[in-house]
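Numbering (the numbering used here), first residue to last: 1 to 369. Even glycine gets a Cβ: it sits at the ideal position worked out from N, Cα and C. Every value quoted in this text rests on a predicted model; they were computed, and no experiment measured them. A short write-up of the structure that comes next.
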Amino acid sequence: MSEQRITVTSPLLPDLGEFNEMLKEVWASKWITNGGQFHQQLEKALAEYLKVPYISLFTNGTLPLLTALQALRITGEVITTPYSFVATTHSIWWNGCRPVFVDIEESTCGIDPNKIEAAITPKTTAIMPVHCYGKPVNMEAIQAIADKYGLKVIYDAAHTFGVEVNGESVLAKGDLATLSFHATKVFNTLEGGALVMHDEQTKQRIDHLKNFGFESETEVVAPGINSKMDEVRAAYGLLNLRQVDEAIEKRHQVAVKYRNALRNVPGIRFFDDMPRVRHNYSYFPIFINAEEYRMTRDELYFKMKDAQVLGRRYFYPLISSFSTYRGLPSADPANLPVATKIANEVICLPMHHELSNEDIERVLELIVK
Ligand code: T4K
């Protein structure tokens, strides 16, 4: 009999009975979208859980990026990293701005603050860093540069649900921060996302922008879009929020087991926890030094695939290598040596709350020689 597939992730699902009870309420109220009661409850509950003053729910994690750029009226050039999911750079492009790629640091896989200033031109208006794998980037260094040059900072914090530094949410930093609640994320609402802001006025503006720009029944104050979360997903999110801490702890235990087994394997590098950081263990990337490991990343990746262990090469290929972007001067691999190297070394191992000890052993057996 062929072995069962082990996928890179598996969604956190609420109890179907409880979900059904909430659906009955939605059906009874006949209020299914446009800021209903579950939408309001989830915004309140998430603001508390995430320790942020204001949050606005979205229908996925890409539209908050697009809307953040709109809300801050960003134009010209936006500095970002090519080591992310394509949505990060696409959001800049969709706003009619030019993405400018800056290399990453090996220690976080996030933008290298030491390389940002060299990429700033008179057209630069914003920086869009990514907390890749939920690992916080150096936010103080980024803010210092932004302040010096008068730039906005929008964090793509899609991977960073619940991540804190010194007890403070990473979402509290920058001008705006975005989240994704996609099925593959630590906390999901099927599809979904959010924008985190610091004041009521910005929250109001973003709430208008995500509802076509409507301020009232007859007044449109901005060229908005439709990116509202519906009641079914908000209800699902309320239930998932109750179990997300348990899921994060289960992921933590998987990370501990992976680290113990891989620590002394020559040619394999991985991340340990950072001091004073509450991690969410959203991904478990390993980096293969082919010479020391005596096998290339792709050889290992396909060996795993043959054995039905479906890791993923997040984030290979680099965004800067896709046809839309590769013509940009900043997309030259010579400008992005660390990102290029890391993209060729990475495999994200299966990481989710339902991995059994047998699953973990099956993954490790393929890697530890
Ligand atoms: N910014 C960053 C930094 C991001 O990483 C993302 C999304 C965004 C912005 C945009 O947020 P969203 O608009 O997506 O909310 C996935 C996700 O589609 C994407 O959300 C995510 N990042 C990206 C890193 O990964 P794929 O193409 O790898 O997903 P897929 O369908 O191959 O799924 C991977 C594995 O997950 C499957 O092999 C099995 C498991 N899975 C997946 C789904 C969809 C399930 O078990 N159930 C499911 O329903 O992109």
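Determine the contact status of Arg263 and Met351, defining contact as a CB-CB distance below 8 Å.
Reading the sequence shown from its first residue, position 263 is the one you call residue 263. Reading the sequence shown from its first residue, position 351 is the one you call residue 351. No, the pair does not count as a contact, with Cβ atoms beyond the cut-off.
Does at least one heavy atom of ligand 1 sit under 7 Å from the Cβ of Val8?
Within the sequence shown, the letter at position 8 stands for residue 8. True, at least one ligand heavy atom lies under 7 Å from that Cβ.
Can you tell me the Cβ-Cβ gap for Thr33 and Glu231, rounded? I've got them flagged as a contact below 8 Å.
Residue mapping note: residue 33 aligns to position 33 of the sequence shown, counting from 1. Residue mapping note: residue 231 aligns to position 231 of the sequence shown, counting from 1. Contact flag correct, Cβ pair sits at about 6 Å.
Could you check the C-alpha separation between Thr296 and Asp103 for me, to the nearest Å?
Counting from one through the sequence shown, the residue named residue 296 turns up at place 296. Counting from one through the sequence shown, the residue named residue 103 turns up at place 103. Going from the Cα of Thr296 to the Cα of Asp103 covers about 23 Å.
Can you have a look at Arg415 and say buried or exposed, based on whether 16 or more other CB atoms are within 10 angstroms of its CB?
Because the chain here runs from 1 to 369, residue 415 falls outside it and cannot be looked at.
Where does Tyr49 sit, in a helix, a strand or coil, going by DSSP?
Here residue 49 is taken as the residue at index 49 of the sequence shown, counted from 1. Helix, per DSSP.
Can you list, in chain order, the residues of its chain with a C-beta nearer than 6 Å to that of Ala141? Leave out the 5 residues immediately preceding and following it.
Here residue 141 corresponds to residue number 141 of the sequence shown, with the count starting at 1. Contacts found: Pro113.
Quick one: give me the first and last residue of the beta strand (DSSP E) that Tyr54 is part of.
The residue given as residue 54 occupies position 54 in the sequence shown. First-last of the beta strand (DSSP E) with Tyr54: 54-58.
Of the listed residues Leu66, Ser107, Glu105, nearest to Gly96 (C-alpha basis):
Looking up residue 96 in the sequence shown gives position 96. It is Leu66 whose Cα lies nearest to the Cα of Gly96.
What residue range is occupied by the uninterrupted alpha helix (DSSP H) comprising Leu441?
Outside the shown range of the chain, which is 1 to 369, sits residue 441, and nothing can be said about it.
For Phe371, report the span of its beta strand (DSSP E) as first-last.
Beyond the ends of the chain as shown, which are 1 and 369, falls residue 371; an answer cannot be given.
Inter-stretch contact (C-beta, 8 Å, three-pair minimum) for the region 143-158 and the region 269-276
no
How about Arg205: is its Cβ closer than 7 Å to a heavy atom in ligand 1?
For this step, residue 205 is matched to residue 205 along the sequence shown. No.
If you check the beta carbons only, do Ser84 and Asp156 fall under 8 Å apart?
As a first step, residue 84 must be located in the sequence shown, where it is residue number 84. As a first step, residue 156 must be located in the sequence shown, where it is residue number 156. It is a contact, given that the beta carbons lie within the stated cut-off.
State the beta-bridge partners of Gly237 as determined by DSSP.
If you number the sequence shown from 1, residue 237 lands on position 237. According to DSSP, Gly237 bridges with nothing at all.
Would you mind stating whether Glu292 and Pro266 have Cβ atoms separated by less than 8 Å?
As a position in the sequence shown, residue 292 is number 292, starting the count at 1. As a position in the sequence shown, residue 266 is number 266, starting the count at 1. The answer is yes: Cβ separation under 8 Å.
Pairs of beta-carbons, one from the region 119-138 and one from the region 32-49, closer than 8 Å: are there three or more?
no
For Gln201, collect the residues of the same chain with a Cβ closer than 7 Å to its Cβ; drop the 5 residues on either side in sequence, then sort them by chain order.
Position 201 of the sequence shown, counting from 1, holds the residue named residue 201. Result list for Gln201: empty, nothing under 7 Å.
Note down the Cα distance separating Gly213 from Ala234, rounded to an integer number of angstroms.
Along the sequence shown, read from residue 1 onward, the residue named residue 213 stands at position 213. Along the sequence shown, read from residue 1 onward, the residue named residue 234 stands at position 234. Roughly 22 Å between the two C-alpha positions.
With a CB to CB cut of under 6 Å and the five nearest residues on each side skipped, what residues in its chain are close to Leu63?
Within the sequence shown, numbered from 1, the residue matching residue 63 stands at position 63. Excluding residues within five positions, the ones whose Cβ falls inside 6 Å are Ser227.
What residue range is occupied by the uninterrupted alpha helix (DSSP H) comprising Glu358?
By 1-based counting over the sequence shown, the position of residue 358 is 358. First-last of the alpha helix (DSSP H) with Glu358: 357-367.
What did DSSP end up calling Ile248 once you bin it into helix, strand or coil?
In the sequence shown, the residue the question calls residue 248 occupies position 248. Correct three-state label for Ile248: helix.
Just the C-alpha distance for Ala45 and Asn289, rounded to the nearest angstrom, thanks.
On the sequence shown, residue 45 is found 45 positions in, with the first residue counted as 1. On the sequence shown, residue 289 is found 289 positions in, with the first residue counted as 1. When rounded, the distance between both Cα atoms is 43 Å.
Does the region 5-24 come close enough to the region 351-365 to have 3 or more Cβ pairs within less than 8 Å?
yes
Answer yes or no: the CB of Gly193 versus the heavy atoms of ligand 1, is any distance below 7 Å?
Here residue 193 refers to the residue found at position 193 when the sequence shown is read from its first residue. Yes; taking the cut-off as 7 Å, the Cβ of Gly193 has a heavy atom of ligand 1 nearer than that.
N- and C-terminal bounds of the alpha helix (DSSP H) containing Thr80:
As a position in the sequence shown, residue 80 is number 80, starting the count at 1. Thr80 -> not in any alpha helix (DSSP H); beta strand (DSSP E) instead, spanning 77-80.
Check this for me: beta carbons of Lys123 and Glu77, under 8 Å apart or not?
Position 123 of the sequence shown, counting from 1, holds the residue named residue 123. Position 77 of the sequence shown, counting from 1, holds the residue named residue 77. Cβ distance < 8 Å, so Lys123 and Glu77 count as in contact.
Do the CB positions of Val196 and Leu176 come within less than 8 Å of each other?
For the purposes of this step, residue 196 is identified with residue 196 of the sequence shown, where counting begins at 1. For the purposes of this step, residue 176 is identified with residue 176 of the sequence shown, where counting begins at 1. Cβ distance < 8 Å, so Val196 and Leu176 count as in contact.
Measuring alpha carbon to alpha carbon, tell me which of Ile360, Ser216, Ile127, Gln243 ends up nearest Gly110.
Counted from its first residue, the sequence shown places residue 110 at position 110. Ranking Ile360, Ser216, Ile127, Gln243 by Cα distance to Gly110 puts Ile127 first.
Between the alpha carbons of Leu23 and Ser320, how many angstroms are there, rounded?
Mapped onto the sequence shown, residue 23 falls at position 23. Mapped onto the sequence shown, residue 320 falls at position 320. Straight-line Cα distance between these residues: approximately 43 Å.
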